[in-house]
Amino acid sequence: MRIILYIALCVATVAAAPRTTHQRIVGGDVTTIDQYPSIVALLFVYEWVIYAQECAGAILNSRSVLTAAHCTYFDAVSKWRVRAGSTFANADGMIHRVSGNIIHPLYAVEPTMDHDIAVLRVDTSFEFNEFTQPAHIAGPNYRVPDYDYLWAAGWGTTYYGAPTGSAQLRHVQVLKINLDRCKQQYGVVHMVITDSMLCSGWLTGGRDQCQGDSGGPIYHNGVVVGVCSFGIECGRADFPGVNTRVANYTDWVVDNA
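Numbering (mature numbering (1 follows the signal peptide of the UniProt record, and there is no 0)), first residue to last: -16 to -1, 1 to 241.
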């Protein structure tokens, strides 16, 4: 669930209703879980009937998952499950119950989407194999050069406003957008981009994360450098996708994993 921000709305308004704003991969291709064995689908239950993919995350160790705070912020852990080791959002792999939800303590304190990061704990250990592996996360000194290639993966929608996400895992190559450029672009609509964020997209648009991709990893040379957070619509040249910059939170993640 990447939060999609509408220009006419303030961040606080959108954040208060995240269920309708998740995002997916735009401009990419289908892929398989053996190419991204650290990604997991986060499943949410509506009306206590069926669990369906709502966000994504990255495996940290045998019992923990990295994701976005806005995905699970309002919910009891009993409403969430983790599907690991599957190419498909709602089939195959192994299902794990969520037993803990650790939200960054500064999330939602400020009037921005800053500190949008969380660690989930599962009640049974992940069984590591070719389809299920812990991610390599960026260390505190990890820097991604501007306009280097990144890879985003997830089960989100393939275009803005699509009624459902992708059944199969998808990925897309994007660029790391210069932070000052990103700040200027979002400044037009009076939104604050901080140094704890990482912007990604394509200079001409058409490639992005979207609804349903929230919490999912973005990779640089196989290292998780970002957690999908928010954007204005999907795939717009004038508004890159915004991720939580993992390097700013490495110590917190390690301490809570």
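Built from N, CA and C at the ideal position, the CB exists for glycine as well. Note that the structure is a prediction, hence the values are computed from the model and not measured.
Legend entry - Separation of Val211 from Val10, as counted between CA atoms: If you draw a straight line from the Cα of Val10 to the Cα of Val211, it comes to about 16 Å.
Inset, instruction - Measure the C-alpha to C-alpha separation of Thr213 and Pro21 and round it to an integer number of angstroms. - result: In the sequence as displayed, the identity of residue 213 is Ser instead of Thr. The straight-line gap from Cα to Cα measures roughly 21 Å.
Legend entry - Rounded C-alpha distance that separates Gln157 from Asp13: For the pair Gln157 and Asp13, the Cα-to-Cα distance works out to about 10 Å.
Inset, instruction - Please classify Val106: is it buried, with 16 or more other beta-carbons within 10 angstroms of its beta-carbon, or exposed? - result: Buried is the call here.
Inset, instruction - Would you mind sorting Asn227 into buried or exposed? The rule is 16 or more other CB atoms within 10 Å of its CB. - result: With 16 or more Cβ atoms within 10 Å of its Cβ, Asn227 is classed as buried.
Legend entry - Touching by the beta-carbon criterion (3+ pairs, under 8 Å), the region 163 to 174 and the region 132 to 144: Contact check between the region 163 to 174 and the region 132 to 144: fewer than three CB pairs, one atom from each, fall below 8 Å, which does not count as touching.
Legend entry - Local conformation of Leu163 per DSSP, three classes: In the three-state DSSP reduction, Leu163 falls in the helix class (H, G or I).
Legend entry - Pro201 burial status per 10 Å Cβ neighbour count (16 or more: buried): Taking every protein chain shown into account, the CB of Pro201 has 16 or more other CB atoms within 10 angstroms, so this residue is buried.
Legend entry - Contacts around Ala221, its chain only, beta-carbon distance under 6 Å, and the 5 residues preceding and following it disregarded: Once the five neighbours on either side are set aside, the close Cβ partners of Ala221 are Thr188, Gly189.
Legend entry - Closest Cα partner of Asp18 within the set Asn240, Asp98, Gly77: For Asp18, the closest C-alpha among the options Asn240, Asp98, Gly77 is that of Gly77.
Legend entry - Sequence-distant residues of the same chain with beta carbon closer than 6 Å to Gln117, five excluded per side: Answer for Gln117: Pro21, Ser22, listed in chain order.
Legend entry - Where His54 sits in the DSSP three-state scheme: In the displayed model, His54 falls within a helix according to three-state DSSP.
Legend entry - Whole-angstrom distance between His99 and Ala231, CA atom to CA atom: Computed Cα separation, rounded: 12 Å.
Inset, instruction - Ignore the nearest five residues each way along the sequence and tell me which others in Asn162's own chain have a CB closer than 7 Å to its CB. - result: Cβ neighbours of Asn162 beyond the five flanking positions: Asp130.
Inset, instruction - Could you spell out the range, first to last residue, of the alpha helix (DSSP H) harbouring Val238? - result: Where Val238 is concerned, the enclosing alpha helix (DSSP H) stretches over 234 to 240.
Inset, instruction - Can you tell me which of Tyr233, Val176, His155, Lys160 puts its alpha carbon nearest to the alpha carbon of Thr15? - result: The shortest Cα separation from Thr15 among Tyr233, Val176, His155, Lys160 belongs to His155.
Legend entry - Test item: CB-CB of Tyr57 and Ile87 under 9 Å: Yes. Within cutoff.
Legend entry - Beta-carbon separation (whole angstroms), Ala73 vs Ala151, contact threshold 8 Å: Right, their Cβ atoms sit about 6 Å apart.
Legend entry - Strand pairing of Ile43, partner residues [DSSP]: Answer is Val49.
Legend entry - Three-state secondary structure assigned by DSSP to Tyr126: It is coil, neither helix nor strand.
Inset, instruction - Can you give me the Cβ contacts of Ala68 inside the same chain, cut-off strictly under 6 Å, excluding the 5 residues immediately before and after it? - result: Excluding sequence positions up to five before and after Ala68, its CB lies within less than 6 Å of the CB of Val24, Gly77, Met78, Phe110, Thr116, all in the same chain and listed in chain order.
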